[in-house]
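Remarks on the structure that follows.
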DNA sequence: CGGATTAGGAAAGTTTCTTAACTGAATGGG
DNA sequence: CCCATTCAGTTAAGAAACTTTCCTAATCCG
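Residue numbers (the numbering used here), protein chains in the order written: chain A, 1 to 399; chain B, 1001 to 1399.
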């Protein structure tokens, strides 16, 4: 540990291999001279490097490029089969799973219903993995699994904290249990954190280094990406704003540790439903209630509009604390309830927020399609697998 | 920009030089074989490297080590004169300044009174620098200046924001103005942020990667070190919790943008003084009032004790929001008012905080001596100057 | 069909590190 | 008091990575 990098010439090769692989990953198929130019290496070195990466199975030839004056160039691309990742999204009713190759292309998906089951966690995860692998006949075993779940893993205790309601997941050393049971490295990550990763890669947060994501459905949660990295906090609880003291809500001290309190009590799904009900709008879920209110307000219903305004200002109060503390570039709004509010709710929250805090970051609605937790789990897994695969080219088994 | 590191063999030398210099910096004088062992390099390479660094003036011989069996070893150490840094702490009444060598040893200090002056900023800074340099006769010009000040530089606008009351500092492009006027690179940094850096280097936050520092005197402020790095925020306003909405205080919307509101209104110096006054304790400043209340409570004064309890719970409410959002490993309390409260106030705030939030980080009182803003400015300057000096060994003028 | 242009490759050379062997100076035990 | 041991420092040969230079091969275009 005293010597992170020995400083030997082979370190150079590792650095350059990595740079080349990253370039291939991000800029699609490339010719040898192009890779040389991007990495800053000379032509012969680029050639030699590609030969080596090709032999290692990380890179494959992908046709030629013609049409330019001069000799036709051979195009290289990352070998998609260089490594696979599995991603799971676990809730109390189902597990969605996906397997992707190293480029991020989904090769298999599966959905496993788990209605009120109490069974073994390892068995359920294995079943979800098996399902996804069955949908991708040719693919070899994934190198690791990332599991998205409501709750956060406390790095100190190794247990899942922050209010998970999923039976069977409160194991003393969850990562080791799963890892040994499955025979692969496992990561467990908070679902909202994963949504933030998906949003950074594919969504409206692309290109931002500091942003806050607010998730609002029946529960409230947030995720922080700061300095380009996901901020998890010392106990995994960063962004767990549901229990943050909020203006106009009882505190934990007043309500008790396990009762509803704080921001959640003020603006969580049930609170929003009851606010809207008081303004004459009903809905079976928070999202439906909000959608109904938006529709009614759009048709000129003054009461519904006032109800939405009340919801917006409640949300803005909690958001204001987060914004005052971290001063993000943007705030991303997502989650069923917030998305149901659409542009109308977004604008209301934004105006209210900007009246409450000195920093005035823009609020952006998520535009992601599909399951964002699963997409985020794929992202996290790809980061790790690429690190592993791209770093292990130099050959020789590391002691 | 596409090629952060060309990947040429000379990169290796740069990496190894850096590692050796850092080892010398952190582990005092070292022999050639020791440096070899630490950096992972062979004996001949270490020898050659030290010869080069010696020729470049970055490293000097510092006696020999005897007493061991075998030949006496020559000890090398960092050349303190390899670079100097200037640090300033600017308030509306005075400018304190210091100059240190690259090891952090202070070689000159100065204090310049600036009672209600409106004069030219550049002239004042130059005067403060001149004073510190006069106290260090032999030292050459510093390579850069770090200026600590109340307020934060918005990287977007280049202006100082967040309520500075120091006349003359609201210049359109402050960094360029100062840099051109002084002929050196200048950094301007928020004073509370600098205190956090000092606390991380010399204080109770040493060794922590994620912590929050709460500064309480007449004003309230905080600083965030997350993932080992100072988090400044998109507009430089991260940690500006004074204006954060807080339970029991008017909001910005209610009070108006420039009136007092939020956490500041609840627990800032003036608010604390009036709380204590209502409990029969008076003091000319917030710190004196708190010190008086602690003394009275220690002598059995029930009213004073209740007053302190009220102060603690007000502080805890705001702190709870910060803790819920970032989930730090520890919270450092500092600033005249909080330090005056000592262990008694700390324990009260801690108990209250732990009743309000799920994460329960320990609260630690600062134990730093001297001017922490100045110490932090030195730290920031040293980071940058070392980066500059250690990186520029390879020789040749970088284009 | 020939010139221009670019890709690919071979040969010689540079920079940086390593291993191995040697010299030299100090300690310390018989 | 001398010699074995131990460690610091140097020298020499060599390996690994990259460059520059030059040449050949393939394609486009007038």
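Every residue, glycine too, gets a C-beta built ideally from N, C-alpha and C.
Coil, strand or helix - residue i by DSSP
i, result
"residue 395 of chain A", "Here residue 395 of chain A scores only 47 on pLDDT, less than 50, and its place in the model should not be relied on; the value that follows carries that caveat. Residue 395 of chain A: coil per DSSP, three-state reduction."
"residue 89 of chain A", "strand"
"residue 1065 of chain B", "strand"
"residue 383 of chain A", "helix"
"residue 1389 of chain B", "helix"
"residue 358 of chain A", "coil"
"residue 190 of chain A", "strand"
"residue 159 of chain A", "coil"
"residue 1002 of chain B", "Here residue 1002 of chain B scores only 46 on pLDDT, less than 50, and its place in the model should not be relied on; the value that follows carries that caveat. In this structure, residue 1002 of chain B counts as coil in the three-state DSSP scheme."
"residue 1229 of chain B", "strand"
"residue 1339 of chain B", "helix"
"residue 1107 of chain B", "strand"
"residue 1309 of chain B", "helix"
"residue 57 of chain A", "coil"
"residue 1368 of chain B", "coil"
Test item: CB-CB of residue i and residue j under 7 Å
i, j, result
"residue 1332 of chain B", "residue 1364 of chain B", "yes"
"residue 1213 of chain B", "residue 1238 of chain B", "no"
"residue 1290 of chain B", "residue 1340 of chain B", "yes"
"residue 136 of chain A", "residue 99 of chain A", "yes"
"residue 80 of chain A", "residue 62 of chain A", "no"
"residue 143 of chain A", "residue 385 of chain A", "yes"
"residue 1374 of chain B", "residue 1087 of chain B", "yes"
"residue 1249 of chain B", "residue 1262 of chain B", "yes"
"residue 1225 of chain B", "residue 1201 of chain B", "no"
"residue 382 of chain A", "residue 349 of chain A", "no"
"residue 319 of chain A", "residue 353 of chain A", "yes"
"residue 40 of chain A", "residue 1006 of chain B", "yes"
"residue 128 of chain A", "residue 95 of chain A", "yes"
"residue 1090 of chain B", "residue 1147 of chain B", "yes"
"residue 1056 of chain B", "residue 1393 of chain B", "yes"
"residue 247 of chain A", "residue 1247 of chain B", "yes"
"residue 1060 of chain B", "residue 1074 of chain B", "no"
"residue 323 of chain A", "residue 362 of chain A", "no"
"residue 78 of chain A", "residue 25 of chain A", "yes"
"residue 132 of chain A", "residue 165 of chain A", "no"
"residue 312 of chain A", "residue 304 of chain A", "no"
"residue 1334 of chain B", "residue 1215 of chain B", "yes"
"residue 286 of chain A", "residue 218 of chain A", "yes"
"residue 46 of chain A", "residue 35 of chain A", "yes"
"residue 1171 of chain B", "residue 1179 of chain B", "no"
Unbroken beta strand (DSSP E) run spanning residue i, endpoints
i, result
"residue 1096 of chain B", "1094-1101"
"residue 1222 of chain B", "1220-1226"
"residue 78 of chain A", "73-78"
"residue 1411 of chain B", "This structure cannot settle anything about residue 1411 of chain B, because the visible part of chain B is limited to 1001 through 1399."
"residue 269 of chain A", "Here residue 269 of chain A belongs to no beta strand (DSSP E); instead the alpha helix (DSSP H) covers 269-278."
"residue 1216 of chain B", "1211-1216"
Any non-hydrogen atom of the ligand FAD within 6 Å of residue i CB
i, result
"residue 1024 of chain B", "Ligands in the displayed structure: none, and consequently the ligand FAD is not present."
Range of the contiguous alpha helix (DSSP H) that encloses residue i
i, result
"residue 1021 of chain B", "1009-1027"
"residue 179 of chain A", "174-182"
"residue 1290 of chain B", "1286-1298"
"residue 956 of chain B", "The structure shown does not extend to residue 956 of chain B, since chain B is modelled only from 1001 through 1399, so no value can be given for it."
>> Any C-beta of chain A within less than 7 Å: which residues of the stretch 1013-1029 of chain B qualify?
In response: If the cut-off is 7 Å between Cβ atoms, the stretch 1013-1029 of chain B has 1015, 1016, 1019 near chain A.
>> Which residues of the stretch 350-363 of chain A have a Cβ closer than 9 Å to any Cβ of chain B? Give them in chain order.
In response: Interface annotation for the stretch 350-363 of chain A against chain B: 352, 355, 356, 357, 358, 359, 360, 361, criterion Cβ-Cβ distance under 9 Å.
>> Please list, in chain order, the residues of the stretch 213-235 of chain A that have any C-beta partner in chain B closer than 9 Å.
In response: Correct list: 222, 224, 226, 227, 229, 231, 232, 233, 234, 235.
> What residues in the stretch 75-89 of chain A have a beta carbon less than 7 Å from any beta carbon of chain B?
Replying inline: Under the 7 Å Cβ criterion, the stretch 75-89 of chain A contributes no residue.
> Of all the beta strand (DSSP E) runs that stay within the bounds of the stretch 1109-1163 of chain B, which reach a length of 3 or more residues?
Replying inline: As for any beta strand (DSSP E) of minimum length 3 sitting wholly inside the stretch 1109-1163 of chain B, the runs are 1144-1149, ordered along the chain.
> Taking a cut of 7 Å between CB atoms, which residues from the stretch 245-270 of chain A lie near chain B?
Replying inline: Cβ contacts with chain B come from 245, 247, 251, 252, 253.
> Fully enclosed by the stretch 241-268 of chain A, which alpha helix (DSSP H) runs are 4 residues long or longer?
Replying inline: If we require 4 residues or more, the alpha helix (DSSP H) runs fully inside the stretch 241-268 of chain A come out as 252-255, 262-267.
> Closer than 7 Å, Cβ to any Cβ of chain B: which residues of the stretch 302-334 of chain A, in chain order?
Replying inline: Of all residues in the stretch 302-334 of chain A, the ones placed with a Cβ closer than 7 Å to any Cβ belonging to chain B are 317, 320, 321, 322, 324, 325, 326, 327, 328, 329, in chain order.
> Listed in chain order, which residues of the stretch 1030-1046 of chain B have Cβ atoms closer than 7 Å to some Cβ of chain A?
Replying inline: When C-beta distances to chain A are compared with 7 Å, the residues of the stretch 1030-1046 of chain B below that value are 1038, 1039, 1040, 1041, in chain order.
> Residues in the stretch 122-152 of chain A with C-beta within 8 Å of chain B's C-beta atoms, listed in sequence order?
Replying inline: Those would be none; no residue qualifies.
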